[in-house]
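In this note's numbering, the protein residues as written are 326 to 589.
Ideal Cβ positions, reconstructed from N, Cα and C, are used throughout, including at glycine.
A short worksheet on the structure shown next.
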Amino acid sequence: MPVVVMLHGCRQTALAFARGSRMNQWADAGGFMVLYPQQSMTRQVQRCWRWFQPDALHGGAEADLIAALIRAEVARHGLDPERVYIAGLSAGAGMAALVALRHPALIAALAMHSGPVVGDANNAAAGLHTMRRGSIKALPQLLQEVADPAVFHLGMPAMILHGQMDPAVAPRNARQLFEQFRAVNGLGAEVPTVERVLGLGTEKAYRRVDLLRNRKTVLRLCEITRVEHGWSGGDASVRYHARSGPDASALIWRFFQGQRRVAA
């Protein structure tokens, strides 16, 4: 059985994220398990995963703890080690990226919703700057200090989703993440993008940009027209989830279904 790890955002709980994203409904239909780690308020008072401090004592340590939890649950429940996926919202997206980049042999694919550029910040103030403006630094090089070098050999299939009306994390971050994971997956400028606009004229409209290898989507960007800072197509009664936009949980699971991490 596959497992999808879901990392909540700041000022959220694991339970609220489960309710708002409705990923459990897709798990019931698709036959996979969902794991919802929760940040401790003793580590960060707003329950933010510390993606903005990626060093070994802070965000890196949190990423490693999450990876250890995943390994323990895979062993405990007899889950498929080749189909371990991770997704997150906002700060959870930043942490999901750290987990995947630090543990590429564990994670088969990654999804980041409303997430920041990876590796640009090294403290909370810098993190806010990244959220608001993206990065002015060389994007691929930002990964060098936060990633296991093996990820550049193994690759990391990734999906990026971002509301184009997001006032908290500038949409520029999504486009920069796309370029970062283009480099991670060795998809050079010679690899053309495949672009489509779906749901045109409706509240679910979004622009999809794909990069393929051997006819298989390795990297996908979804720019969602009418969503602010929240999980697209979720339960809007739960904070940081939007009624408008396509169902992000459905899109993510469909992307994950095509990915598998085969042991070397």
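Residue closest to residue i, alpha-carbon to alpha-carbon, out of the options
i           : options            : result
residue 329 : 410, 563, 392      : 410
residue 421 : 453, 404, 363      : 363
residue 516 : 500, 535, 576, 546 : 535
residue 292 : 479, 507, 553, 584 : In the structure displayed, the chain extends from 326 to 589; residue 292 sits before or after that span and is not available.
residue 356 : 419, 578, 587      : 578
residue 444 : 496, 375, 435      : 375
residue 573 : 563, 556, 581      : 556
residue 533 : 561, 461, 549      : 549
residue 545 : 519, 561, 390, 392 : 519
residue 531 : 586, 361, 486      : 486
residue 418 : 404, 432, 373, 440 : 440
residue 395 : 413, 369, 360, 586 : 360
residue 414 : 580, 502, 438      : 438
residue 358 : 402, 458, 339      : 402
residue 558 : 337, 541, 342      : 342
residue 581 : 442, 468, 434      : 434
Bounding residues of the alpha helix (DSSP H) (the contiguous stretch that carries residue i)
i           : result
residue 430 : First-last for residue 430: undefined, no H or E at that position.
residue 455 : 449-458
residue 345 : 339-346
residue 576 : 573-582
Environment of residue i [buried if 16+ CB atoms lie within 10 Å]
i           : result
residue 566 : buried
residue 539 : exposed
residue 483 : buried
residue 371 : exposed
residue 498 : buried
residue 478 : exposed
residue 436 : buried
residue 366 : exposed
residue 390 : exposed
residue 466 : exposed
residue 407 : exposed
residue 448 : exposed
residue 461 : exposed
residue 587 : exposed
residue 513 : exposed
residue 326 : exposed
residue 346 : buried
8 Å Cβ cutoff, residue i in contact with chain C
i           : result
residue 476 : The question asks about chain C, but that chain is absent: this structure has only one protein chain.
Segment limits, beta strand (DSSP E) that includes residue i
i           : result
residue 382 : Looking at the DSSP string, residue 382 is not in any beta strand (DSSP E), and its letter there is neither H nor E.
residue 360 : 358-360
residue 411 : 409-414
Q: Decide yes or no for the touch test of the segment 521-530 against the segment 489-506: beta carbon pairs closer than 8 Å, at least 3 of them.
A: no
Q. Would the segment 471-481 and the segment 423-437 be scored as touching if the rule is three or more Cβ pairs under 8 Å?
A. yes
Q: Could you pull out every unbroken beta strand (DSSP E) segment of at least 3 residues lying fully inside the segment 497-553, listed in chain order?
A: 519-523, 531-538, 541-549
Q: Would you check if the segment 349-356 and the segment 441-453 touch, i.e. whether three or more CB-CB distances between them fall below 8 Å?
A: no
Q: Please list the segments of the alpha helix (DSSP H) lying wholly inside the segment 464-489, counting only runs of 4 or more residues, in order along the chain.
A: 464-467, 476-479
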